[in-house]
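Visitor:
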Amino acid sequence: MPCTPTLAQPTGESLPSGQCPTGTQLAPAAAAGLIEGDVITAIDGQAFDTWDQATTWIRAHGSTTATLTYIRADSVMEVPIAIATIDRPVYDDRGNPTGETATSGYIGMRPEFEYVSQSWATVPSYMWDITVASVKALISLPVRLYELVKDTLIGGGERAIDSPVSVVGVSRIGGEIATMDEPLMAKAATFLGLAASLNLFLFLFNLLPVLPLDGGHVAGAMYEGLRRQFAKVRGRSDPGPVDIARLLPVAYVVAATLVCMGIIV
């Protein structure tokens, strides 16, 4: 962002001419002469291990002047930078805006992400993490749907950022990924991650032991097998196959619920 964001110009984008809009100023980093590719090593002599540590420091020191140490073309340089202050929206624990703002420091920089190839040994731990996250999301799905209906259809408010979405919503997210102002590698990684997470969640959802999901048929087959084994152990005759048709009313209710979910979300 070459310009300092304001309430009237929250994005901080410059005009096509490269100038800042009326009422906004050049971002402190741009005013100090920093360019893309500069590597920040310290601020006021304090080194930071992560970008989050640096941004936390910057946001806590608005309206001050600090000495920024950076590396450009293998040369260590220092430059004074006047940290501006802007009003940022405040978010709750779920990432939803509270409607309030907080003043914090701003210099107009963002990190550069580097993609590092991982070994196959990292796949099991990664799969475990997203599987646990998918199971937690599946368990909380009924509550999240209730909150979505209460907040939007009943309350008339805005839906939460992390609220459930339908297939249409997933398609829109995919389209937004394609139009992101990010490198092709970043968009491809985000899209593949979305597709993998979606397929894993649908796999787990399909294992729920209710008809017409596959999990319902599996549960019926397991019950039939257990019943035959118990009959065999107790010396009784084969009880025969389980009549899953008796559960058709349950299947109708589940199917209707899924259709309603698709319409609501």
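Take the sequence shown: its position 219, counting from 1, is numbered 222 in my numbering, and each next residue is one higher.
By construction, the Cβ of each residue, glycine as well, lies at the ideal position given by its N, Cα and C atoms.
Can you list, in chain order, the residues of its chain with a C-beta nearer than 6 angstroms to that of alanine 234? Leave out the 5 residues immediately preceding and following it.
Guide: Pro242, listed in sequence order.
Visitor: Between threonine 260 and alanine 248, what straight-line distance do the alpha-carbon atoms span, to the nearest angstrom?
Guide: If I take the Cα positions, the gap works out to 19 angstroms.
Visitor: Just to confirm before moving on: does the CB-CB distance between isoleucine 89 and serine 66 stay below 8 angstroms?
Guide: Result no, Cβ atoms of isoleucine 89 and serine 66 do not sit closer than 8 angstroms.
Visitor: Just to confirm the assignment: which complete beta strand (DSSP E) runs, minimum length 3, are found wholly within the region 33 to 114?
Guide: Segments of the beta strand (DSSP E) lying fully in the region 33 to 114: 42 to 46, 67 to 75, 78 to 94 and 100 to 109.
Visitor: Which of helix, strand or coil does DSSP assign to cysteine 263?
Guide: Helix.
Visitor: Can you give me the Cβ contacts of leucine 250 inside the same chain, cut-off strictly under 6 angstroms, excluding the 5 residues immediately before and after it?
Guide: Hits under 6 angstroms: Leu214.
Visitor: By the 10 Å Cβ neighbour count, where 16 or more other Cβ atoms means buried, how is aspartate 41 classified, buried or exposed?
Guide: When all chains shown are included, aspartate 41 counts as buried.
Visitor: At what residue ranges does the region 200 to 265 contain a whole run of the alpha helix (DSSP H), taking only runs of 4 or more?
Guide: Listed in chain order, the complete alpha helix (DSSP H) runs (minimum 4 residues) inside the region 200 to 265 are 217 to 236.
Visitor: Taking the beta carbon of alanine 124 as the centre, do at least 16 other beta carbons fall within 10 Å, making it buried, or is it exposed?
Guide: Result: exposed.
Visitor: Do you know offhand how far phenylalanine 194's Cα is from serine 78's?
Guide: For phenylalanine 194 and serine 78, the distance between alpha carbons rounds to 37 angstroms.
Visitor: Between the Cα of alanine 168 and those of Cys263, Thr58, Ile84 and Gly158, spot the shortest distance and give me the residue it belongs to.
Guide: Going by the sequence as given, residue 168 is valine instead of alanine. Nearest C-alpha to valine 168: Cys263.
Visitor: Counting C-beta neighbours from all protein chains within 10 Å, is the total for threonine 7 16 or more, i.e. buried, or is it exposed?
Guide: When all chains shown are included, threonine 7 counts as buried.
Visitor: Out of Ile61, Leu37 and Pro92, point me to the one whose CA is closest to isoleucine 74's CA.
Guide: Nearest option by C-alpha distance: Leu37.
Visitor: Buried or exposed, going by whether 16 or more other CB atoms sit within 10 Å of the CB of methionine 225?
Guide: When all chains shown are included, methionine 225 counts as exposed.
Visitor: Short of 8 angstroms in beta carbon distance, which residues of its chain neighbour leucine 201, apart from the five on each side in sequence? Order them along the chain.
Guide: The residues are Val173.
Visitor: Taking only the alpha-carbon atoms, compute the straight-line gap between alanine 163 and leucine 141 and give it to the nearest angstrom.
Guide: Whole-angstrom Cα-Cα distance: 17 angstroms.
Visitor: What residue range is occupied by the uninterrupted alpha helix (DSSP H) comprising glycine 172?
Guide: First-last of the alpha helix (DSSP H) with glycine 172: 170 to 181.
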